[in-house]
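Heads up, the thing below is written out as structure tokens.
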Amino acid sequence: MADGEIENTISSSLNTGSGTGAAVEVKFEKNPIHTQKYLEAEPKALGVTQIMLSLFVMSIVFCTPLEEQMYFMTFKSSLCSLTSIVAGSVAIAAQNLHLPTLKACLGMQIVVCVLSAFCFMSSLSLLGLYMYTTACWEDYHNTTLGNDMCDRLWNIIEHVIGIEMLMYLTQFAISATLAGFCCKVIQCCTVRNSVPVIMLNAPRGPQ
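Going by this note's numbering, the sequence shown opens with residue 16, and the numbers climb by one from there.
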């Protein structure tokens, strides 16, 4: 049977279904397993990963010697990490498939995506700045031993910033994945997923 014939058959069935005593009735009902699509993303595993990566970044930041010009970077990394911890917790809680929790999860994951992109760009600009400014101490402390120690210190800081950038990229990917699966469930993001239900009505006997 051609597609057009199938559509005509369904349409005629819908029309006859509205009448009294129709033999065939077609209804479109909400897919009962539509919300299960969120669980396909393994939200518990991704949420725990978000939390652990955030704690790892915070441990790196607070264990790194700081200067006055790096206070903003510490605040930025802490804000991004704390937000990711909250987002990971909400992603785990959204396993109950409660619609308000799923909406909160979507909002938090979008926020984490934006913050991760911002933190990545900030770290990238800081890394570029360190490539041209590698002064550790004042000129009167400028000795061969001091210069060698300065170079080693900046090499360590550059590796730390590189690790942070890798963590931000991972956070962005995880948040984008969870946000995408939340959109599959929330009706405001996707077309309502309905399935046709065909009901056969028994013919009425003679009165």
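Yeah, the Cβ is synthetic: ideal placement off N, Cα and C, and Gly gets one too.
When DSSP states are grouped into helix, strand and coil, E55 belongs to the helix group. Contact annotation: S190 and V101 have beta-carbon atoms that are not nearer than 8 angstroms. For H174, the secondary structure class from DSSP, reduced to helix, strand or coil, is helix. Between the alpha carbons of K199 and C165 lies a distance of about 52 angstroms. Taking C-beta atoms under 8 angstroms as the contact rule, T185 and L68 qualify, at a distance of about 6 angstroms. CA-CA distance, G143 to L168, rounds to 16 angstroms.
Burial state of P58 is buried, judged by a 10 Å Cβ sphere holding 16 or more other Cβ atoms. Counted as a single uninterrupted DSSP element, the stretch harbouring I201 is not any alpha helix (DSSP H), since DSSP gives it neither H nor E.
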